[in-house]
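Residue numbers (our numbering): 5 to 519.
Here the structure is laid out as structure tokens; the discussion comes afterwards.
Here it is as structure tokens:
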């Protein structure tokens with residue numbers, strides 16, 4: 005453990021680590037600056053580097069001058085994580101707004117879309133209605149800003165909060181709960197730190213595999229790396245306004261490598277690479293079955309509404325794959341597609357990829373839990389309890405607690421989608437199916453669009469989509485944990501530091517230690 009400065013100020017750990025979003029933002033800015041310098045974009049690269057040094061200096065100075073007075077409580081970790089997902093995009097948007105001279109809320113929208121790995125964009129080449137400012141199209145952006153978009157998604161894909169585990173040695177910030185509360189933790193090695201490092205190694209490895217596949221398909225080295233970063237992050241930002249539709253189908257096929265790897269369970273990938281003796285999750289098989297089913301259904305809808313069979317097959321297969329993996333790459337304009345086709349994609353987007361992946365949605369595992377539970381209810385309704393149905397997934401026995409938690413996440417998504425769709429319909433004056441599509445894309449951090457999200461959208465429409473993207477990144481219920489945690493903290497403070505009565509099974513009331 006690093007030595008604590010003798011004159012460091014002892015402060016509560018939650019207050020101390022509120023500075024960490026500056027660190028996440030600085031990493032993003034340094035990555036984009038470096039890649040900008042490689043492309044000889046010296047002016048913007050230098051400005052982003054200076055902003056990065058400023059944020060890093062703030063982080064280093066504050067951490068050096070303070071020390072945690074105790075270990076963190078679990079409720080404080082949930083508050084820190086929700087806070088970090090809100091503040092990091094704000095800090096990262098400031099340099100973009102300043103350098104491009106665009107309204108802050110537009111830069112903020114792009115940053116939120118990046119870090120949440122959604123992929124909706126306002127860089128569509130249009131006039132911002134409130135300020136009259138021209139918002140450039142993707143092709144008009146400086147290379148540094150383009151790489152900033154890719155960097156936000158690549159860092160956000162793995163989880164910006166998971167980066168904080170490296171600072172656990174400073175004391176007070178438990179690596180154990182940081183990854184778990186962010187929803188992307190599974191112990192792969194005896195040490196928690198080694199487990200998180202293993203996941204990061206997998207992330208880098210599959211990014212390189214995706215880049216190689218794109219390069220072999222004929223994409224340029226620059227575009228290969230860019231779409232590998234945003235593809236494995238299941239983010240969907242592209243260097244072209246028409247996304248993967250800019251390229252021939254062979255490049256689109258190659259992009260599926262990154263999309264599917266990013267939506268797979270990283271623990272399964274690590275187990276395969278290390279040839280470990282541990283059971284696979286089984287999610288990949290279910291994911292591919294759902295993809296095939298959705299693709300056939302989408303092809304049938306398009307073929308019945310006048311599309312050529314070959315066009316319908318490619319369009320459906322690619323967009324269903326993009327939707328179910330939560331990536332958001334597209335090969336055609338979806339705004340003109342049949343409403344039945346859009347409705348199908350809305351359902352597919354809800355699924356998302358695997359647990360412990362970079363994608364959003366309710367996850368394949370929860371779909372499997374719901375399907376098992378539904379089958380049990382149907383069988384018992386017909387045959388009675390005399391005919392038992394096994395509630396097992398792989399080697400694990402599902403408990404009532406597993407089912408309750410799954411249904412809580414599912415219904416929180418449905419309720420948020422319903423409210424968000426209605427509000428977006430009113431705000432954007434779009435058709436309800438289109439508003440439903442865009443709201444689902446934002447909530448499940450997918451990024452497929454019917455053009456409601458664009459430079460010319462009004463500020464309130466953009467703010468609604470920002471809210472949906474941020475809600476979906478922590479699966480909605482994560483913010484409920486944070487609110488409950490904040491109430492627990494306030495209650496504790498009002499009792500003068502004495503223990504408040506909170507649910508003990510969440511482990512919030514006891515200090516967390518890195519095992």
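C-beta: ideal position from N, C-alpha, C; glycine also.
Model, not experiment: these values are computed from the prediction.
Beta-carbon proximity list for residue i, same chain, < 6 Å, skipping 5 on both sides
i: residue 50; result: none
i: residue 439; result: 425, 428, 429
i: residue 479; result: 413
i: residue 203; result: 270
i: residue 39; result: 151
i: residue 91; result: 25
i: residue 318; result: none
i: residue 346; result: 437, 441
Residues that DSSP places opposite residue i in a beta bridge
i: residue 72; result: 15
i: residue 431; result: Per DSSP, none; premise fails for residue 431.
i: residue 396; result: 401
Residue i: first and last residue of the uninterrupted beta strand (DSSP E) it sits in
i: residue 141; result: 138–141
i: residue 131; result: 128–131
Simplified DSSP assignment, three categories, for residue i
i: residue 49; result: helix
i: residue 268; result: coil
i: residue 422; result: helix
i: residue 176; result: Confidence in residue 176 is poor, its pLDDT being 48 and thus under 50, which makes the residue's placement unreliable; the coordinate value appears in the next sentence. Here residue 176 sits in coil by DSSP.
i: residue 498; result: helix
i: residue 281; result: coil
i: residue 359; result: coil
i: residue 227; result: helix
i: residue 438; result: helix
i: residue 161; result: helix
i: residue 186; result: Residue placement at residue 186 cannot be trusted, given a pLDDT of 49 that sits under 50; what the coordinates show is reported in the next sentence. Note: residue 186 maps to helix in three-state DSSP.
i: residue 449; result: coil
i: residue 251; result: coil
i: residue 65; result: helix
i: residue 372; result: helix
i: residue 337; result: coil
i: residue 238; result: coil
i: residue 245; result: coil
Boundaries (first-last residue) of the alpha helix (DSSP H) holding residue i
i: residue 113; result: 108–119
i: residue 85; result: 78–104
i: residue 466; result: 463–477
i: residue 324; result: 313–328
i: residue 344; result: 343–355
i: residue 480; result: That residue, residue 480, is in no alpha helix (DSSP H); it is neither H nor E in DSSP.
i: residue 364; result: Run containing residue 364: none; DSSP gives neither H nor E here.
i: residue 34; result: 24–42
i: residue 296; result: 287–308
Sequence-distant residues of its chain with Cβ nearer than 7 Å to residue i (five each side left out)
i: residue 95; result: 25, 26, 29, 59
i: residue 276; result: none
i: residue 233; result: 154, 157, 158, 211
i: residue 447; result: 417, 420, 421, 424, 472, 475, 476
i: residue 407; result: 373, 377
i: residue 133; result: 460, 462
i: residue 4; result: This structure gives no information on residue 4, because the portion of the chain shown stretches from 5 to 519.
i: residue 140; result: 127, 129
Contacting residues, own chain, Cβ-Cβ under 8 Å from residue i (five flanking each side not counted)
i: residue 18; result: 76, 80, 83, 84, 493
i: residue 248; result: 231, 242, 255, 256, 259, 322, 333, 334, 335
i: residue 225; result: 219
Residue from the options with nearest C-alpha to residue i
i: residue 230; options: 214, 44, 220; result: 214
i: residue 339; options: 285, 452, 354, 470; result: 452
i: residue 99; options: 486, 47, 344, 221; result: 47
i: residue 146; options: 22, 116, 52; result: 52
i: residue 484; options: 87, 315, 64; result: 87
i: residue 208; options: 225, 92, 237; result: 237
i: residue 130; options: 458, 469, 310; result: 458
i: residue 112; options: 14, 371, 331, 470; result: 470
i: residue 287; options: 149, 264, 245; result: 264
i: residue 295; options: 358, 280, 383; result: 358
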